[in-house]
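The structure appears right after this line, and notes come after that.
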Amino acid sequence: MTLDRRRFLKTTLAGSAAVAIGGCTSFASANGKGDSCSKSKAKLNISFQEGTAPGANLNEKFDFMEKHGVVGFEPHGKPMLARLQEMKDALKGRNIKVSAVCAGFDGFILSTDPKIRKQCRDTMEALMIAAGELESVGVIIVPAFNSQVPVMPHTQETRDFLCEQFDEMGTFAQQHGTTVILEPLNRKEAFYLRQVADAASICRDINNPGVKCLGDFWHMTWEETCDMAAFLSAGDYLQHVHMASRKRRSMPGEDGDADDYVKGFKGLKMLGYDKYVSFECGAQGDRNIVVPAALELLRKQWEEA
Numbered sequence: 002m003t004l005d006r007r008r009f010l011k012t013t014l015a016g017s018a019a020v021a022i023g024g025c026t027s028f029a030s031a032n033g034k035g036d037s038c039s040k041s042k043a044k045l046n047i048s049f050q051e052g053t054a055p056g057a058n059l060n061e062k063f064d065f066m067e068k069h070g071v072v073g074f075e076p077h078g079k080p081m082l083a084r085l086q087e088m089k090d091a092l093k094g095r096n097i098k099v100s101a102v103c104a105g106f107d108g109f110i111l112s113t114d115p116k117i118r119k120q121c122r123d124t125m126e127a128l129m130i131a132a133g134e135l136e137s138v139g140v141i142i143v144p145a146f147n148s149q150v151p152v153m154p155h156t157q158e159t160r161d162f163l164c165e166q167f168d169e170m171g172t173f174a175q176q177h178g179t180t181v182i183l184e185p186l187n188r189k190e191a192f193y194l195r196q197v198a199d200a201a202s203i204c205r206d207i208n209n210p211g212v213k214c215l216g217d218f219w220h221m222t223w224e225e226t227c228d229m230a231a232f233l234s235a236g237d238y239l240q241h242v243h244m245a246s247r248k249r250r251s252m253p254g255e256d257g258d259a260d261d262y263v264k265g266f267k268g269l270k271m272l273g274y275d276k277y278v279s280f281e282c283g284a285q286g287d288r289n290i291v292v293p294a295a296l297e298l299l300r301k302q303w304e305e306a
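Structure (structure tokens):
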């Protein structure tokens, strides 16, 4: 068959225009979201890790969070296991729920040493049980940090092994009412999983409702060409979002004009994202000042999106 280049270009441009005119309707259909925009479902549910809010203890931190409309709490895994009852008591009667559990496992799943892999699986199971008790959306895991060696080679066989391991973990997580959440990191922290689409493709191949992924604005700054596209690539697999300033990993707004999240928020709105956007960052200034300012900035940009 002879290819008519002019006709091909016309057809391609017409199709591109249709997608552009369709806007989020076209993306929604591609992601199985139906024929209408999902923006009405989307909601900015802000979550804090324990170190984000000022306060001498959990109750003081939760008081601050409730005062400023923060509805999620992201505990780190290890302290959570040791302080499970304390956290349950502090959350009673509050308008705050546990969002995700931030790691806390020992070992790493891509170790070449079976004992270290078993250590990872065993500690992840303990975290998932506790996460289920707290009604958390999931436990965050990184397959391997750059500092963790010896590590399996970056091959198809390693990816197949990873899918097998996370399929089993996802099934265990579902049995306890939660999920396991894959987190891509920037290349300075982890070579194996760097982009949201990579994590989403693993979730797709596993096809287990207990296996989800995360998008982190800090890591996305270095690894993604477009925040919106990164989130759209995840579709229904997106279970959690991390937030930080884009230069120094501080409070949103502390890096000035660089802290622009509007395109990412547009992607989240197109997905109808209604889970948590959780602060994982430090602070340059007084938390009593910079934290409320960061909340104001994010809510303003969410509206702009």
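Residue numbers (the numbering used here): 2 to 306.
All C-beta atoms in this analysis are idealised placements derived from N, C-alpha and C, irrespective of residue type, glycine included.
Rounded to the nearest angstrom, the Cβ distance from Ala231 to Gln196 is 7 Å, consistent with a contact under 8 Å.
Secondary-structure assignment with DSSP links Ile182 through a beta bridge to Ile141, Lys213. Where Leu45 is concerned, there is no enclosing alpha helix (DSSP H), because DSSP gives it neither an H nor an E. Three or more Cβ pairs closer than 8 Å define a contact, and the stretch 131 to 147 meets that threshold against the stretch 174 to 181. In the DSSP assignment, Gln285 falls outside any alpha helix (DSSP H), carrying neither H nor E. The continuous beta strand (DSSP E) containing Gln240 extends over residues 239 to 244.
Inter-residue distance for Asp256 and Ala54 is about 19 Å (C-alpha atoms, whole angstroms). The stretch 72 to 80 and the stretch 88 to 102 touch, with three or more beta-carbon pairs separated by less than 8 Å. Residue burial is scored here from C-beta neighbours: His155 has fewer than 16 other C-beta atoms within 10 angstroms and is therefore classed as exposed. One thing to note: Glu51 has its Cβ within 8 Å of the Cβ of Lys62. With a beta-carbon spacing of about 7 Å, Leu299 and Tyr262 fall inside the 8 Å limit used to define contacts. Cβ atoms of Ser279 and Met252 stay farther apart than 8 Å, at about 13 Å. With distances taken between CA atoms, Ala101 lies nearest to His241 out of Tyr193, Pro210, Cys282, His241.
Following the DSSP letters along the chain, one finds Ser234 inside the alpha helix (DSSP H) bounded by residues 228 to 235. Contact annotation: Ala43 and Lys270 have beta-carbon atoms nearer than 8 Å.
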